[in-house]
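Student:
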Amino acid sequence: MLRFLTAGESHGPALTAVIEGLPAGLPLTEEDINLQLRRRQMGYGRSGRQKIERDKVAVSSGLAHGLTTGGPLALRIENRDWANWKAKEMPPLTVPRPGHADLAGALKYGFDDMRLVLERASARETAARVAVGAVARRLLKEFDIRVGSYVFEIGGVVAEIPDLPYDELWTHAEASDVRCPDPASAEAMRRRISEARRAKDSLGGVFVVVATGVPPGLGSHVHWDRRLDARLAHAVMSIQAIKGVEIGPAFENARRMGTQVHDEIFMENGRLIRRTNRAGGFEGGITNGQPLVMRAAMKPIPTTVTPLRSVDLATGEPATTQYQRSDVCAVPAAAVVGEAMVSWVLADALLAKLGGDSLAEMKAHWKVWRRHA
Ligand SMILES: Cc1cc2nc3c(=O)[nH]c(=O)nc-3n(C[C@H](O)[C@H](O)[C@H](O)COP(=O)(O)O)c2cc1C
Numbered sequence: 026m027l028r029f030l031t032a033g034e035s036h037g038p039a040l041t042a043v044i045e046g047l048p049a050g051l052p053l054t055e056e057d058i059n060l061q062l063r064r065r066q067m068g069y070g071r072s073g074r075q076k077i078e079r080d081k082v083a084v085s086s087g088l089a090h091g092l093t094t095g096g097p098l099a100l101r102i103e104n105r106d107w108a109n110w111k112a113k114e115m116p117p118l119t120v121p122r123p124g125h126a127d128l129a130g131a132l133k134y135g136f137d138d139m140r141l142v143l144e145r146a147s148a149r150e151t152a153a154r155v156a157v158g159a160v161a162r163r164l165l166k167e168f169d170i171r172v173g174s175y176v177f178e179i180g181g182v183v184a185e186i187p188d189l190p191y192d193e194l195w196t197h198a199e200a201s202d203v204r205c206p207d208p209a210s211a212e213a214m215r216r217r218i219s220e221a222r223r224a225k226d227s228l229g230g231v232f233v234v235v236a237t238g239v240p241p242g243l244g245s246h247v248h249w250d251r252r253l254d255a256r257l258a259h260a261v262m263s264i265q266a267i268k269g270v271e272i273g274p275a276f277e278n279a280r281r282m283g284t285q286v287h288d289e290i291f292m293e294n295g296r297l298i299r300r301t302n303r304a305g306g307f308e309g310g311i312t313n314g315q316p317l318v319m320r321a322a323m324k325p326i327p328t329t330v331t332p333l334r335s336v337d338l339a340t341g342e343p344a345t346t347q348y349q350r351s352d353v354c355a356v357p358a359a360a361v362v363g364e365a366m367v368s369w370v371l372a373d374a375l376l377a378k379l380g381g382d383s384l385a386e387m388k389a390h391w392k393v394w395r396r397h398a
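Right, here's the structure in full:
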């Protein structure tokens, strides 16, 4: 139903995104998007690039008088760093960084200069995704569906997550520069990042994305590509450096007996309820009305100050990597990108379920559907 494309290089003039398939009549402001862009730029352990960029969107089509028109929505985010780069004569990059896209991209496209790969592979592209996700989030808000995140683990420091409602966890996470809702764990994570910086190294970690207010019945069991849990896994796994995803505590569940895992069903005051959510909000690839809970594992940032062994492709001789300005840890930012991708997939599934060319039509269908779901 919904589609988007992004374009742009890390140090090119701008990032662009085009969204197609939005209903008409959705209230949207540039500030709705800028708020999310600011959230992506935060986080302890980021590189100096975040001090240069002040990401702001310009919407150049698809919006009139503060409402979507149903036409394609075009978004543009300027790269302030472009001004610093355009005059520079950059030497070709011929020593691929292990863990980055340099070598695989150069082999695929036949490049001698791997800058042509890294400029597009770079996670600067995630700014465009967060902008797109902000629009999806605005649609979800109309149906009281909320998406938030927190960081669970950084470089082996595992957070003690307080037993609080999700919206409180999000509020605490939002106040933390490592997006961790527990202050003591956040402090330990910050120390770990500082240690890694001093050791001239980098870190990864694990974040959790949660969506609340998700109605039962999004997605379907009938075909592999309509299973919504699988589509979410694809979307979150498509984020740079994300190498594992989990719906609910999937790996922990795998070690337990069935009777300890499956969420039993009760009838209370005429309503079907669950007292646990070990399924993470999905059964049969369909949302079951419980909060959607997803975790994602991010590998350590591939660019390290400490050189790694590689080969100079220009000479075929052994060489070591050259440091390029880089984050030490970007798990808090990746969590915000995770929210964007989850919002996108949920908005698409909601539109598929409700149909309609305008928000008013979607809402009318929602009213009828929610009478029995
Ligand atoms: C928010 C975010 C920021 C990132 N920052 C950097 C960075 O500063 N330096 C770097 O080498 N990789 C960074 N990465 C990871 C690389 O973009 C990624 O590892 C690379 O594109 C190769 O893709 P792959 O890890 O998915 O195979 C970042 C990823 C995310 C999600």
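Every letter in the sequence shown is one number past the one before it in my numbering, and letter 188, counting from 1, is 213. From the three backbone atoms N, C-alpha and C, an ideal C-beta is built for every residue, glycine too. Here the structure is a predicted model, which means the values were calculated and not measured.
#1: Let me make sure I understand the geometry here. Which of PHE291, ALA260, ALA255, GLY269 has the alpha-carbon closest to that of GLU308?
#2: Just list the residues that DSSP pairs MET5 with in beta bridges.
#3: What residue range does the beta strand (DSSP E) around THR196 cover?
#4: With a Cβ-Cβ cutoff of 8 Å, do GLY33 and GLU150 count as a contact?
#5: For VAL361, report the span of its alpha helix (DSSP H) as first-last.
#6: Pick from ASP382, VAL247, GLU289: whose alpha carbon is nearest that of PRO97?
#7: Just verifying my parser: in three-state terms, what is the DSSP assignment at ALA39?
#8: What's the call for ARG320, buried or exposed, on a 16-neighbour Cβ count within 10 Å?
#9: Taking DSSP as the reference, what is the three-state secondary structure of PRO52?
#10: DSSP on GLY130, reduced to helix/strand/coil?
#11: Closest to GLU144 by C-alpha separation, out of THR345, VAL155, ALA131, would be which residue?
#12: DSSP three-state label for PHE29, please.
#13: From which residue to which residue does the alpha helix (DSSP H) around LYS392 run?
#14: Out of ASP106, GLY68, ALA99, state which residue places its alpha-carbon closest to the alpha-carbon of ARG79.
#15: Alpha carbon to alpha carbon, how far is PHE232 from MET67? Give it in angstroms, no decimals.
#16: Taking only runs that begin and end inside the segment 138-191, name each unbroken alpha helix (DSSP H) of 4 or more residues, in chain order.
#17: Please tell me whether, using a cut-off of 7 Å, the distance from the CB of THR284 to the nearest non-hydrogen atom of ligand 1 is below it.
#18: Hey, would you say the C-beta of PRO206 is under 7 Å away from at least one heavy atom of ligand 1?
#19: CB VAL160 to CB LEU53, shorter than 8 Å?
#20: Would you please state the rounded distance, in angstroms, between the beta carbons of ARG299 and GLN315? I believe it to be under 8 Å.
#21: Using 8 Å as the threshold, is the segment 196-206 in touch with the segment 356-364, meaning 3 or more CB pairs across them?
#22: What do you reckon, is the C-beta of SER35 under 7 Å from a heavy atom of ligand 1?
#23: Beta-carbon separation of ASN59 and LYS76 under 8 Å?
#24: Under 7 Å: does the beta carbon of GLY326 sit that close to some heavy atom of ligand 1?
#25: Any heavy atom of ligand 1 within a distance shorter than 7 Å of the CB on ASP373?
#26: Closer than 7 Å to a non-hydrogen atom of ligand 1 - does that hold for the CB of ILE264?
#27: My output table needs one value for PRO343: the three-state DSSP class, helix, strand or coil.
#28: Determine whether the beta carbon atoms of ARG222 and GLY180 lie at a separation below 8 Å.
#29: Could you tell me if the beta carbon of HIS259 falls within a distance shorter than 7 Å of some heavy atom in ligand 1?
#30: Taking Cβ positions, are VAL270 and ALA279 nearer each other than 8 Å?
#31: Rank TRP394, ALA372, LEU384 by C-alpha distance to the C-alpha of VAL172 and give the top, closest one.
#32: Go ahead and pull the three-state DSSP assignment for ARG101.
Tutor: Here's the rundown:
#1: ALA255
#2: No answer is possible for residue 5: the residues shown for the chain start at 26 and end at 398.
#3: Taken as a continuous stretch (DSSP letters only), THR196 belongs to no beta strand (DSSP E), being part of the alpha helix (DSSP H) at 191-199.
#4: yes
#5: 356-379
#6: ASP382
#7: strand
#8: buried
#9: strand
#10: helix
#11: ALA131
#12: strand
#13: 384-395
#14: ASP106
#15: 15 Å
#16: 140-146, 151-166
#17: no
#18: no
#19: yes
#20: 6 Å
#21: yes
#22: no
#23: no
#24: Note that residue 326 is Ile in the sequence shown here, rather than Gly. Yes.
#25: no
#26: yes
#27: strand
#28: no
#29: no
#30: no
#31: ALA372
#32: strand
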